[in-house]
Each structure stands twice: as C-alpha cells, then as structure tokens.
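Asker: Just add 3 to the spot in the sequence shown (first one is 1) and you have my numbering.
Note that beta-carbon positions come from the ideal geometry of N, C-alpha and C, so glycine has one too.
This structure is a prediction, so every number in the text was calculated from the model and none was measured.
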Amino acid sequence: MKTSDIYSHEWCEIVFEGKNHAYGAYELRENTVKRQMFAILIAATLFIGVVGSPMIMKHAKSINNRLITTGVIEISTHKFLKPKDNVDGFVKSDKVQSKIINTVKFPPTRIVADDNVPDDIIPTQKALFIDNRTISTATIDDGSTVRGEKAIGNSVAGINSVDTTTYIFVSQMPAFPGGLEELYRYLKSSVKYPNEARNMGIGGIVYTSFIISSTGSIEDITILRGVGGGCDDEAIRVLKGMPKWNPGKQDGNAVNVKLNLPINFKLN
4 MKTSDIYSHE WCEIVFEGKN HAYGAYELRE NTVKRQMFAI LIAATLFIGV VGSPMIMKHA
64 KSINNRLITT GVIEISTHKF LKPKDNVDGF VKSDKVQSKI INTVKFPPTR IVADDNVPDD
124 IIPTQKALFI DNRTISTATI DDGSTVRGEK AIGNSVAGIN SVDTTTYIFV SQMPAFPGGL
184 EELYRYLKSS VKYPNEARNM GIGGIVYTSF IISSTGSIED ITILRGVGGG CDDEAIRVLK
244 GMPKWNPGKQ DGNAVNVKLN LPINFKLN
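1. Taking all protein chains shown into account, do 16 or more other C-beta atoms lie within 10 angstroms of the C-beta of Ile45, making it buried, or fewer, making it exposed?
2. Tell me the DSSP secondary structure of Val258 in three-state form.
3. Our contact map puts Lys243 next to Ile215 with C-beta atoms below 8 Å; I'd like the distance itself, whole angstroms only.
4. Using 8 Å as the threshold, is the C-beta distance between Ile205 and Gly229 below it?
5. From this set, Gln39, Met58, Ala178 and Ile43, which residue's C-alpha is nearest Lys252's C-alpha?
6. Helix, strand or coil for Ile43, going by three-state DSSP, please let me know.
7. Taking Cβ to Cβ, would you say Ser217 is nearer than 8 Å to Asn259?
8. Among Gly255, Pro250 and Tyr187, whose alpha-carbon lies nearest the alpha-carbon of Ile266?
9. For a test of your reading of the model: does the CB of Met60 fall under 7 Å from any non-hydrogen atom of the ligand FAD? Yes or no.
10. If we call anything under 8 Å between Cβ atoms a contact, is Thr169 one with Lys261?
11. Whole angstroms is fine: what's the gap from Lys37's alpha carbon to Ala47's?
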C-alpha cells in the first residue's frame with residue numbers, strides 16, 4: 004500500500020485487525036485527516052485576519068479623519084479701556100461651542116427646518132460675502148499689527164416667506180459697509196484690550212452671536228462662551244456700536260440673518 008494511504012480507512016482496519024476498536028488509538032487514527040483539515044482551516048482564518056486587519060483599520064481611519072481648518076484675523080490696539088462691570092440689554096449664554104465651526108442652538112420658533120430647503124436656492128461659497136454665517140476669528144492683542152483671513156464654518160439654509168423669520172444662510176449674506184477691510188478697520192480702532200484682563204493675564208476666544216435685521220441694525224447680541232476679565236463686555240460694547248450693515252436678502256427681499264463672530268483676546 005502506498006505511503007499516501009496510511010491514514011485511509013482500509014489501512015486503519017489492517018493496523019487494528021483483531022484489536023479492540025473501542026480503544027482510543029483507533030479513533031485517533033481514524034479521524035486524523037478530519038482534525039488536520041480543521042486545524043488548517045483555523046490557521047488560514049487567523050492568518051487572513053492578522054494580514055487584513057491593518058488595511059481595514061487604515062480604511063476606517065481615512066473615512067473618519069475629516070479636518071476643517073479656520074482662518075484667523077489679528078487686530079491690534081495700543082489703547083486700553085477698563086470696561087463696565089455690567090452691560091445691560093444683553094444675555095450671556097451658557098452654551099459652549101467646542102470649535103468656531105460648531106452649530107449653536109437657536110430658538111426653534113425662529114429657525115426654519117433643514118428639510119424645507121430647495122437645492123436650487125443654496126448659493127455657492129464664491130457667491131457669498133463670506134463663506135457662511137461665521138464671519139471670522141478676530142484676534143485682539145496689545146501689539147501693533149493686523150492681518151486677516153476668512154473663516155470656514157458649517158451652516159444650513161432656511162427658506163420661509165414670513166418676514167420675521169431669522170435665517171442662518173441666504174442667497175445674499177449681510178455685508179459690513181465697505182466690506183471685510185472696513186470691518187477689520189472698525190474692530191482695530193474700536194476694540195480695547197481690557198486692563199483687568201491684561202493685568203490678570205486673561206485671554207482667549209469670546210464666542211459671540213448676533214442678528215443683522217432686515218434694516219441692517221444689530222440685534223440679539225449673545226455671548227455663547229466668554230473668558231471673563233472684561234473681555235466679554237468689551238466684545239458686546241464693540242458689537243453694539245457697529246454701524247448698520249447692508250442686510251441679507253432672500254429672493255430679493257431683505258431678511259433677518261444670524262451671524263457668529265468669535266473674538267480672540269490674545270496677550271503678547
């Protein structure tokens with residue numbers, strides 16, 4: 004008999020002829036081939052899992068790693084003004100944004116649901132005054148330079164024929180008189196780094212939100228997250244004193260639009 008047949012049933016019968024088949028050795032020899040095939044199958048499965056898992060993990064990470072960067076506008080000033088302890092008429096919100104681009108919580112009765120937005124109404128970024136309702140991050144320090152870049156954020160549009168609706172994205176976004184450069188000049192000349200914050204070494208981003216009404220006036224100024232030391236009150240003071248904007252428009256009609264303006268108070 005050939006060597007390749009030593010594990011066959013016939014060979015097993017010859018070896019154990021006249022012997023007790025109930026003894027364990029007979030069963031082991033009879034089922035040797037099955038056990039070997041099972042072991043090979045398990046080994047192949049483990050090998051494929053070890054080799055393929057890095058590629059699966061790499062593919063999963065490539066899907067999740069989506070980064071959005073934000074530009075920064077730096078505005079300097081030499082003058083310092085100690086702000087008032089309290090600013091009347093405005094509310095400081097406890098809602099905190101982890102990033103500038105996060106969507107803030109708005110009153111549900113004034114914001115139109117996302118599923119009501121026609122696809123042909125949403126304009127491209129190039130058609131907007133800015134990329135969206137987040138204007139920019141204004142960095143205020145005690146140096147003497149100023150530079151600015153547009154900021155990127157995420158917002159959705161709401162379409163409603165009611166004039167009192169507050170939009171967060173429209174076909175023609177509100178514009179500061181003279182454009183972004185004039186807005187930079189206004190902030191540079193108006194924002195004063197608070198003495199209290201400077202003396203205590205306080206700095207950071209003050210997240211603000213406000214509405215540009217259909218008449219271009221500034222309304223509903225809110226501090227989404229502050230840093231204290233008078234920086235929050237200074238941000239409110241400057242926003243309150245802004246000149247009227249060119250209002251946003253939807254379908255040719257002036258409407259209310261909500262915008263965000265993060266202001267970064269930075270010590271040199």
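Answerer: Short version:
1. The sequence position of residue 45 within the sequence shown is 42, counting from 1. So Ile45 ends up on the exposed side.
2. Residue mapping note: residue 258 aligns to position 255 of the sequence shown, counting from 1. Val258 falls in the strand class under three-state DSSP.
3. In the sequence shown, counting from the first residue as 1, residue 243 sits at position 240. In the sequence shown, counting from the first residue as 1, residue 215 sits at position 212. Contact flag wrong, Cβ pair sits at about 13 Å.
4. Position 202 of the sequence shown, counted from the first residue, corresponds to residue 205. Position 226 of the sequence shown, counted from the first residue, corresponds to residue 229. No; because the gap between Cβ atoms is not below 8 Å, this pair is not in contact.
5. Walking along the sequence shown from the start, residue 252 turns up at place 249. The candidate whose alpha carbon is nearest that of Lys252 is Ala178.
6. Here residue 43 is taken as the residue at index 40 of the sequence shown, counted from 1. The answer is helix: DSSP assigns Ile43 an H, G or I state.
7. Against the sequence shown, residue 217 aligns to sequence position 214. Against the sequence shown, residue 259 aligns to sequence position 256. Between Ser217 and Asn259, the C-beta gap is smaller than 8 Å, which places the two residues in contact.
8. Locating residue 266 in the sequence shown gives position 263, where the first residue counts as 1. Comparing Cα positions, the closest option is Tyr187.
9. This structure does not include the ligand FAD; it has no bound ligands of any sort.
10. Here residue 169 refers to the residue found at position 166 of the sequence shown. Here residue 261 refers to the residue found at position 258 of the sequence shown. Yes, Cβ-Cβ distance for Thr169 and Lys261 is below 8 Å.
11. Here residue 37 is taken as the residue at index 34 of the sequence shown, counted from 1. Here residue 47 is taken as the residue at index 44 of the sequence shown, counted from 1. Rounded to the nearest whole angstrom, the CA to CA distance from Lys37 to Ala47 is 16 Å.
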